[in-house]
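These notes are about the structure you will find just below.
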Amino acid sequence: MEGTIRVRFAPSPTGFLHIGGLRTALYNYLFARHHQGGKFILRIEDTDQKRYVEGAEEDVVESLLWCGIEIDEGPGKPGAFGPYRQSERKDLYKEHAQQLIESGHAYYAFDSPEELDQMRERLQKSGNPSPKYDAITRQSMKNSLTLPRDEVEDLLQMGADYVVRLKVPRRENIRFEDEIRGHVSFEAKGLDDQVLLKSDGMPTYHLANVVDDHLMKITHVIRGEEWLSSTPKHILLYRYFGWEPPKMAHLPLIMSPSGGKLSKRKAEEEGIPVNTRAYIEQKFEPEALVNFLAFLGWSPGDDSEIHSLEDLCKLFTLDRVSKGGAVFNYKKLLWYNEHYLREKPDRDLAARAKRIAESRGLSGIDDDYLIQIIPLMKERVSKIEEFITFGKFFFEDPEEYDEKALKKWKENSPDLVKAYRDKIADWEADQFKADRLKSALQEVIDEKEVGFGKLMMPLRIAVTGLGFGPDLFPALELLGKETVLRRIDRALQELG
RNA sequence: GCCGCGUUCGUCUAGGGGUUUAGGACGCCGCCCUUUCACGGCGGUAGCACGGGUUCGAAUCCCGUACGCGGUACCA
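To convert, note that position 395 of the first sequence is 423 in our numbering; the numbers rise steadily by one, no gaps.
Okay, here's the thing in structure tokens:
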């Protein structure tokens, strides 16, 4: 098995890449890279023309790339098993469906959607809560099993709409081994005669998936748990084609804090973006998202928490994937983000912060100035944009003063701040240094016989508009005398 | 409803019959550091869903129940 591992991530291009999909992709990638020579394949399952969204495929590719997940084979990354878009493999599915019909494991069905509805309605009325097109009901439907042979021929000849359905055995216990869950078994009677080929000539997921996984020599199918209950159908298909099924691994779902699948509406109401795109746009550190997602349903088995993508590749095994759903913990993601942010060189952070600043209309920021801000702010930000938001005062005079901070602006504040202003007002520019600025403050509080904070906080508010932030004196130094005096004067005027 | 899969601190998880007074992380709380806010350090809070078995011994194995989640489409 070693050296021949092939896994795939097979999203449907119906919108932005869902964060759960990203985790599935990640686990597949980690599994592939864990094994020497393992291959990670991207396959686009664009068989539903109605739900197709332009640009979705690009979004998937870009999102994976952003995370550092490299695709070995896929659209735009030629391999020996392409094409990698199902819409370009249509004939293949048709041939295979044909093959099943010939071997008696599938059949044509000519029932219209209305007729299907009627059948379901009828069955429901007579007390069957989940009507199925199955071994029993197919006997009273319009298909190549019930219609005379020539009528079937005629219908096909005439170009009548038809689908191809899987002929599920009436009774059988279908078992398979799941790499994560162990033995799983389903009764065939609970399955319906799955449509394999739709009337538009496109395959359904079930057919396409099985055919492609086999043809692409996929060794392990690692996918979300929502597929578990259709796996018996797939097992049947493998058998009818005479193929060895790949190993199956069904991943626990990512849940919303309030319970249930992390759906767009629900999650976003709870402040959790579901599209990978949103994390990219919010400038999360990709290492953080990757690390966080890897641990959502998996753990290395020791107490370690911080792992690079490369580390994760070494550590990842399917037997350490958990079985239960995992609730998305946004605060932990932020924690990871803070961690990776602090690990990064100031130079890189500065360059990125600059771009963010510019995109928000703060232009003309001096690089030398900006890079000195980074170490002052680094331990205080959760996301890179906060260099710009919480650190806005480094670039612009405060327009207003934070309400909470103002509680520290006391009766005697103007007097103290004024005294400080007077002390530093006639300094030369090269005297305007953090340590001198600090001792000047010390002098004032000694003279006035008040505590350090009695001056420091009002001064901070005057200059930054905020009641918290980086060490004040290096910040004052950076801002420069002119700016500091201007802000003090303004605050004195505004706040009295 | 039916079928399937799950269930260890609020959350992510370790632990898979005795090593456990159930470990770590996030969060939360407190203390220290710091005359801001953070970072960091230290400490604390909090959990084996329930009921039966099996066993000398069960968080760990078995069976039920409850609860949660998924599926039940010519969607993936």
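Note that CB positions come from ideal geometry on N, CA and C, so glycine has one too.
Each residue's CA atom was taken as its position, placing Q185 and T304 some 47 angstroms apart.
Cβ contact annotation for N319 (same chain, cutoff 7 angstroms, sequence separation greater than five): I334, H335 and Y364, in chain order.
Contact between M405 and K436 does not hold, since their C-beta atoms are separated by about 21 angstroms, which reaches or exceeds 8 angstroms. Within the same chain, and ignoring the five residues on either side of L504 in sequence, the residues whose Cβ sits closer than 6 angstroms to its Cβ are L465 and V512. In the structure shown, the three-state DSSP call for N440 is coil. Annotated as proximal: E101 and G107, with beta-carbon spacing under 8 angstroms.
Judged by DSSP in its simplified three-state form, I402 adopts helix. Nearest in C-alpha terms to T42, of all of A385, E82 and G495, is E82. Per the C-alpha coordinates, the member of A462, E510, F418 and L500 positioned closest to D454 is E510. For T247, same chain residues with a beta-carbon under 8 angstroms away, outside a window of 5 residues either side, are M29, T32, I33, R34, V35, P274 and K275 in chain order.
If the five residues before and after A295 are omitted, its C-beta is found closer than 6 angstroms to the C-beta atoms of S284 and V302, all from its own chain and listed in chain order. A residue is called buried when at least 16 other Cβ atoms come within 10 angstroms of its Cβ; H278 meets this threshold and is buried. Y136 carries a strand assignment under DSSP once its states are collapsed to helix, strand and coil. Exposure of Q64 is indicated by the presence of fewer than 16 other C-beta atoms within 10 angstroms of its C-beta.
When only Cα atoms are considered, V212 and L173 end up about 31 angstroms apart. In terms of Cβ geometry, I47 and L290 form a close pair [threshold 8 angstroms]. By the neighbour-count definition (other C-beta atoms within 10 Å, threshold 16), T417 is an exposed residue. Taking C-beta atoms as the reference points, A519 and I489 count as a pair closer than 8 angstroms. Shown here, R117 sits in a helix according to DSSP, grouped into three states.
Going by DSSP, R251 is part of the beta strand (DSSP E) stretching over H248 to G252. DSSP places I47 within a helical segment (H, G or I) once states are collapsed to three.
Three or more Cβ pairs drawn from the stretch 252–267 and the stretch 221–236 lie within less than 8 angstroms of each other, which places the two stretches in contact. Y135 is positioned such that its CB atom lies no closer than 8 angstroms to that of K226. Cβ atoms of K170 and R199 stay farther apart than 8 angstroms, at about 24 angstroms. Three or more beta-carbon pairs separated by less than 8 angstroms link the stretch 338–354 to the stretch 50–63, which places the two stretches in contact. In the DSSP assignment, S467 falls within the unbroken alpha helix (DSSP H) covering A462 to K476.
About 6 angstroms separates the beta carbons of P159 and Q152, which is inside the 8 angstroms limit, making them a contact pair. Burial state of N440 is exposed, judged by a 10 Å Cβ sphere holding fewer than 16 other Cβ atoms. By the Cβ test, the stretch 66–85 is not in contact with the stretch 123–137, since fewer than three Cβ pairs between them sit closer than 8 angstroms.
For E215, the beta-bridge partners assigned by DSSP are N201. Minimum Cα-Cα distance from L362 among the listed residues G508, L506, F214 and F312 corresponds to F312. Nearest Cα to L523 within the set L243, Y161, F496 and V445: V445. Rounded to whole angstroms, the separation of the alpha carbons of I516 and Q400 is 22 angstroms.
Annotation for L265: the continuous alpha helix (DSSP H) segment containing it runs T259 to F269. A straight-line Cα-Cα distance of about 25 angstroms links R383 and E428. When the beta-carbon positions are compared, Q77 and D240 stay at least 8 angstroms from each other.
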